[in-house]
Amino acid sequence: MSEYPKIFILGPQGAGKGTQAAKITKLLKIPHVVMSDLLLGEVKKNTTLGKKINSIITKGRLVPDAMSSAMMINRISQPDCRRGWLIDGFPRAKLQASYFNKKFLPNIIIHLHFSDTIAIQRLSGRRVCDRGHVYHLKYQPPRRSGYCDVDGLPLKIRYDDTPAAIRTRLNIFHRRTEPVIELYRKQATIIKVDARPSIDRVYRATVRELKKIPWLSSRLSKK
Ligand code: ADP
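Residue numbering for the sequence shown is 0 to 222, as defined by numbering that gives the first Met the number 0.
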């Protein structure tokens with residue numbers, strides 16, 4: 000049976016989705032597809048669509064559901080996603096999920112969870128480079144202070160990590176994104192992981208759960 004890992008990673012801002020997704024996609028050898036990269040890619044091209052997206056996301060708002068779903072479907076239709084994918088930062092609402100589900104269905108949902116208070120504390124230390132590599136001043140510092148280990152680019156505060164935008168995004172998460180998980184109870188394996196421990200512990204807890212999935216465990220033990 001050719002089942003491939005098709006994963007959504009969901010959780011509040013700061014829970015470590017990007018951090019864990021980078022490790023899991025390396026383990027499973029599947030593309031790490033980040034919604035915000037697709038959006039920022041369009042913004043950089045400075046198209047009419049890009050300008051529209053820019054004015055929405057700098058306010059901490061969400062782009063229209065049909066727009067983000069169409070961009071994501073387009074990305075997942077590329078040949079590198081034929082043997083599985085992990086999507087980070089999408090879907091953010093039930094409507095987005097239902098547009099996407101007309102073309103693709105996830106078979107694993109990784110749900111990282113913790114409180115908003117911890118989320119805000121964590122995000123105040125987040126630093127990123129322009130290519131999207133993620134660090135934390137306290138928990139995951141780069142080797143050379145202020146610069147990315149991978150590409151040497153200067154580290155910055157993410158464009159939407161201002162306190163007001165963080166609060167807006169956490170509220171939207173609870174109201175609109177959390178209910179998405181319920182849509183997949185029947186058809187996907189839901190892995191719920193406590194996001195409070197260290198990066199390594201969260202990763203190990205996630206891999207332990209992935210290994211319990213029969214069709215995936217044989218693939219993981221071959222490595
Ligand atoms: P998300 O994608 O869910 O918003 P990130 O992966 O960007 O979260 O992580 C948010 C910040 O917290 C980053 O600075 C990251 O280095 C740090 N971080 C991620 N996971 C942990 C963890 N388990 N413990 C401490 N800090 C973490």
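Cβ atoms here follow ideal geometry from the backbone N, Cα and C, with glycine treated the same way.
DSSP three-state assignment for residue i, whether helix, strand or coil
{"i": "Tyr-202", "result": "helix"}
{"i": "Met-0", "result": "Residue placement at Met-0 cannot be trusted, given a pLDDT of 49 that sits under 50; what the coordinates show is reported in the next sentence. Coil at Met-0, not helix or strand."}
{"i": "Phe-103", "result": "coil"}
{"i": "Arg-195", "result": "coil"}
{"i": "Asn-126", "result": "Looking at the sequence provided, one finds Arg at residue 126 rather than Asn. Strand at Arg-126."}
{"i": "Lys-5", "result": "strand"}
Best match in the options for proximity to residue i [C-alpha to C-alpha]
{"i": "Ala-20", "options": "His-31, Lys-155 and Ile-108", "result": "His-31"}
{"i": "Leu-169", "options": "Leu-9, Pro-4 and Lys-5", "result": "Leu-9"}
{"i": "Gln-120", "options": "Val-133, Ile-109, Arg-203 and Asp-160", "result": "Asp-160"}
{"i": "Glu-2", "options": "Arg-143, Cys-80, Asp-148 and Val-179", "result": "Cys-80"}
{"i": "Tyr-202", "options": "Pro-4, Pro-11 and Lys-25", "result": "Lys-25"}
{"i": "Ser-144", "options": "Ile-108, Arg-130, Lys-50 and Arg-126", "result": "Arg-126"}
{"i": "Lys-16", "options": "Arg-184, Ser-54, Tyr-134 and Ile-156", "result": "Tyr-134"}
{"i": "Lys-93", "options": "Leu-219, Asp-193, Ile-171 and Leu-152", "result": "Ile-171"}
{"i": "Pro-162", "options": "Gly-124, Ile-6, Gln-77 and Ile-23", "result": "Gly-124"}
{"i": "Ser-97", "options": "Leu-38, Pro-178, Leu-37 and Ala-204", "result": "Pro-178"}
The beta strand (DSSP E) enclosing residue i, as first and last residue numbers
{"i": "Asp-87", "result": "84-87"}
{"i": "Asp-79", "result": "Segment: none, Asp-79 is in no beta strand (DSSP E) and carries neither H nor E."}
{"i": "Ile-218", "result": "Looking at the sequence shown, residue 218 is not Ile but Arg. No beta strand (DSSP E) contains Arg-218, which is instead part of the alpha helix (DSSP H) from 213-220."}
6 Å CB neighbourhood of residue i in its chain, flanking five on each side removed
{"i": "Thr-167", "result": "Gly-59"}
{"i": "Ile-212", "result": "Thr-188"}
{"i": "Met-0", "result": "Note that Met-0 has pLDDT 49, beneath the 50 cutoff, so the model's placement of it is unreliable and the number below is only indicative. Nothing listed; no residue qualifies."}
{"i": "Leu-48", "result": "Glu-41"}
{"i": "Arg-82", "result": "Tyr-3"}
{"i": "Glu-208", "result": "Ile-190"}
Residues near residue i in its chain [Cβ-Cβ closer than 7 Å; skip 5 each side]
{"i": "Gln-95", "result": "Asp-64, Ser-67, Ser-68 and Phe-89"}
{"i": "Ile-117", "result": "Arg-195"}
- Query: What runs of the beta strand (DSSP E), each 3 residues or longer, lie entirely inside the stretch 136-186?
  - Reply: none
- Item | Length at least 3, wholly inside the stretch 7-80: the beta strand (DSSP E) runs in chain order | Qualifying beta strand (DSSP E) stretches, in chain order: 31-33.
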